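Residue numbers (the numbering used here): 1 to 247. Where is the CB? At the ideal position from N, CA and C, for every residue including glycine. Fair warning: this is a prediction, and the values are worked out from it, not measured in the lab.
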Ligand code: PEP
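Set out below in structure tokens:
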């Protein structure tokens, strides 16, 4: 089943529970994909508790590599699991950029997620300069090879292709460009992992209600990682229900 995951980033106060409440009214009916929300860590436990029976998969946006320790301000994968998370985003480009996260660190974080029983949503994607210089496939191929830990498989890992220049900008690659990268990632996964053909590859970067159905219909796109448009229940539901229009 495809997965549509919302990344709330550093947005959301306690009143955001109202958006989840509105979303759950839609989710009580049929929909064609699994749904995850990765709220700020401050909201995770309260939302996961209150909406325990909603079917929503709760997730973190990052985790430390250690289970516990003297790391002020950091949150371990075990803490996320304890708060009700079942998944965690690692290697988002905003963390790679703002916190200088390397592929090796992302790999260690994905391993930490697995240790805690969480699935890891491993993000990768090229910058605009890398695309303009024709290096997109080489860059995402390297990120994939170096960011997945030993033991990664379809049951515990999701790959999210997010072109850096498309995140939060309103710009998206063409459907052909998305298809080219996803096919490249699929081939690399199938070659490296026994079950790589079945690993979900999400697309992320300015997915909106207006373009979701077209993007989700691209071969090897198994769902989306949605930033800004996941904050409002109406927009997020419109994206989720795009799976009703092409399946
Ligand atoms: C993201 O944060 O992962 C993302 C894809 O953001 P947006 O949908 O706002 O471009």
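With 16 other Cβ atoms within 10 Å as the buried cut-off, status of residue i
i	result
residue 82	exposed
residue 98	exposed
residue 62	buried
residue 200	buried
residue 78	buried
residue 48	buried
residue 219	exposed
residue 169	exposed
residue 212	buried
residue 71	exposed
residue 138	exposed
residue 131	buried
For residue i, the residue or residues it bridges with in DSSP
i	result
residue 157	120
residue 64	76
residue 203	161 and 224
residue 196	Bridge partners of residue 196: none, in fact.
residue 34	3
Nearest to residue i (by Cα), restricted to the options the options
i	options	result
residue 204	156, 126, 198 and 191	126
residue 155	118, 144, 141 and 211	118
residue 162	68, 32, 133 and 121	121
residue 189	112, 206, 175 and 141	141
residue 5	34, 19 and 20	34
residue 2	232, 226, 210 and 202	202
Residues near residue i in its chain [Cβ-Cβ closer than 6 Å; skip 5 each side]
i	result
residue 165	128
residue 123	91, 92, 160 and 162
Beta-carbon proximity list for residue i, same chain, < 7 Å, skipping 5 on both sides
i	result
residue 51	20 and 24
residue 74	64
residue 240	4, 31, 33 and 35
Minimum Cβ-Cβ distance from residue i to chain D less than 7 Å
i	result
residue 170	You won't find chain D in this structure, because it holds only one protein chain.
Specify whether the segment 93 to 111 and the segment 145 to 159 touch according to this definition: at least 3 beta carbon pairs, one from each stretch, less than 8 Å apart. Proximity of the segment 93 to 111 to the segment 145 to 159 meets the contact definition, three or more beta-carbon pairs being nearer than 8 Å.
For the 8 Å Cβ check, are there 3 or more pairs between the segment 10 to 23 and the segment 37 to 50? Counting C-beta pairs with one atom in each stretch, the segment 10 to 23 and the segment 37 to 50 have three or more that are closer than 8 Å, which means they touch.
Could you say if the segment 62 to 71 and the segment 24 to 35 meet the contact criterion of at least three C-beta pairs nearer than 8 Å? As far as the Cβ criterion goes, the segment 62 to 71 does not touch the segment 24 to 35, which means the pair count is below three.
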